[in-house]
DNA sequence: ATGCCATTTCGATAAGTTATGGAAAGTCTC
DNA sequence: GAGACTTTCCATAACTTATCGAAATGGCAT
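Chains as they are written, first to last, in the numbering used here: chain Z, 1 to 234; chain H, 1 to 234.
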């Protein structure tokens, strides 16, 4: 039951050559590529097996269900939550901190291997395995609302319900990541950076008392993110 | 090849009683109920057949593919586009017109039998059958952007790129309908009316030069919608 | 009446999906 | 070498969408 040896030589050999590295990581790598290309539901276990160099049924030795591959994939992607936690308690204007959090979250949604809604769909069907997904989302929402509240209380933001504002801000991120991932025919298509900027700009423009501050806030947010990023693990 | 008789008596009789009305409509009705309850992907043709009172394979006489049921379902739901077309050319302040369009679109997304993203997913896999879906979306986007442009040119809205603003506004609608449909654990849950208000409020708050006008705009938008609604077919 | 045709349904079945169980084929330890 | 452990394979169950041809009815022309 070890199941994570780097390149163990034990066990029945594969018909098609030995695995390059850790079979588990290899499977996740190949599955991710396929998910990105075709989406989760449209990718079959047979295809993943073929890409990873083993038989379909052998996959079930490493992942008892297809959802478990997605789960493993999700656990490698936790970024914007840590930034939000760091910025929520940081002193200084709320505007730049909120902008940084929203922008980072949107960037992460865009660059994640899977559509947010595909994650959510699977998470909802496997609540016992994906509790962390919902916990993370609730935490991000709480931190976002907290920053909004700080801004309102400081008079920096207009009067607004912090929870509603956070819901709208995150909902906008989610709605717009879709437009980045799957541009609708007939509409302008966006880069991840453009989508993230549009989303954060829109939310801040709605909240700020002094609209003219937006340009400065963008720069400050970039500085905050940059200052935090290099020491991502500490 | 008629295939839409009200309650035709021809053909081999069913094992379980005769159909109540038009078989096609009956199938759509039962399928809709199942889609609402379980989602499109999780509903099988066998279940639809059982609900509609015929065998699984008989379904394929009325709908050659599962997607065609969804397509038929979609064609019965076209509301907010007509309102947008009517309001785009109407004189008067842009704020109330934009609010009315966004609110009506959000309400429609919330009350539609299926999640917007499920529609989109299927539409993307069957572009030849769902061209109307993308056409409608592009039209709604164009009309929304046009109203925004009118507001900007009249000095009623802040300077903003109309296309970006429309993308953000519709993206927010889509992101928030999800929160109505599938409330995330740990977060406040919303009614359709609350979600629609939150979305339209947010977009207008971001665009308006005079924030204080928002309350009046809400009332004016409701009046516009009410004035237009009773004559929905003319 | 009788025969023929269009309409609608059914049963059988193909091809593909996720998932399970047991046998097989190696390495590792003693 | 014997036995245990690990990993892979094959066979197959149960379920999915979709196709095909046969069967069962009503209506229409003769």
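Glycine included, each C-beta is placed from N, C-alpha and C at the ideal position.
Remember, it's a predicted structure, so these values are computed and weren't measured experimentally.
With contacts defined as CB atoms closer than 8 Å, residue 124(H) and residue 182(Z) qualify as a contacting pair. Inter-segment contact for the stretch 95-104 of chain H and the stretch 65-76 of chain H is absent: fewer than three beta-carbon pairs are separated by less than 8 Å. With fewer than 16 neighbouring CB atoms inside 10 Å of its own CB, residue 15(H) falls in the exposed class. Sixteen is the threshold: when 16 or more other Cβ atoms of the shown chains lie within 10 Å of the Cβ of residue 84(Z), as they do, the residue is buried. For residue 188(Z), the chain H residues whose C-beta falls within less than 9 Å of its own C-beta are 163, 164 and 167, listed in chain order. Judged by DSSP in its simplified three-state form, residue 15(Z) adopts coil rather than helix or strand.
Close CB contacts of residue 52(H) within its chain, under the 6 Å cut and outside five residues either way in sequence, are with 26, 27 and 30 (chain order). Comparing alpha-carbon positions, the option among 86(H), 39(H), 34(H) and 109(H) lying closest to residue 192(H) turns out to be 109(H). Looking at 118(Z), 206(Z) and 151(Z), the one whose alpha-carbon comes closest to that of residue 87(Z) is 151(Z).
Under the Cβ criterion of 8 Å, residue 44(H) is not counted among the residues facing chain Z. At a cut-off of 8 Å between beta-carbon atoms, residue 61(H) makes no contact with chain Z. Between the alpha carbons of residue 228(H) and residue 127(Z) lies a distance of about 44 Å. Of all residues in the stretch 133-152 of chain Z, the ones placed with a Cβ closer than 7 Å to any Cβ belonging to chain H are 134, 137, 138 and 141, in chain order. Excluding five sequence positions before and after residue 45(H), the CB atoms of its chain that fall closer than 7 Å to its own CB belong to 56, 59 and 66, given in chain order. Inter-segment contact for the stretch 111-118 of chain Z and the stretch 165-172 of chain Z is absent: fewer than three beta-carbon pairs are separated by less than 8 Å. Annotation: the continuous alpha helix (DSSP H) that includes residue 131(Z) extends over 131-153. About 5 Å separates the beta carbons of residue 106(H) and residue 199(H), which is inside the 8 Å limit, making them a contact pair.
For the 8 Å CB-CB criterion, residue 174(H) and residue 116(H) form a contact.
The three-state secondary structure of residue 63(H), taken from DSSP, is coil. Uninterrupted alpha helix (DSSP H) stretches at least 4 residues long and entirely within the stretch 62-119 of chain Z occur at 66-75, 80-88 and 94-111, given in chain order.
DSSP places residue 218(H) in the uninterrupted alpha helix (DSSP H) bounded by 214-228.
Listed as beta-bridge partners of residue 157(Z) by DSSP are 208(Z).
In this structure, the straight-line span from the alpha carbon of residue 207(Z) to that of residue 80(H) is close to 28 Å. Per DSSP, residue 56(H) is not a residue of any alpha helix (DSSP H), being assigned neither H nor E.
In the DSSP annotation of this structure, the continuous segment of the alpha helix (DSSP H) that includes residue 177(H) starts and ends at 162-181.
Contact check for residue 224(Z) against residue 214(Z) fails: the beta carbons are separated by 8 Å or more. Residue 132(Z) is not a Cβ neighbour of residue 221(Z), given a cutoff of 8 Å. With its beta carbon less than 8 Å from one in chain Z, residue 198(H) belongs to the interface. Its Cα nearest to that of residue 76(Z), the residue 32(Z) stands out among 153(Z), 179(Z) and 32(Z).
At a cut-off of 8 Å between C-beta atoms, residue 103(Z) does not count as an interface residue with respect to chain H.
Linking residue 129(H) to residue 122(H) through their CA atoms gives a straight-line distance of about 10 Å.
With distances taken between CA atoms, residue 90(Z) lies nearest to 146(Z) out of 146(Z), 54(Z) and 180(Z). With 16 or more other Cβ atoms from the protein chains shown falling within 10 Å of its own Cβ, residue 23(H) counts as buried. Residue-level contact check: residue 95(H) does not touch chain Z, since none of the beta carbons of chain Z fall below 8 Å from its beta carbon.
Buried is the label assigned to residue 218(H), since at least 16 other Cβ atoms lie within 10 Å of its Cβ.
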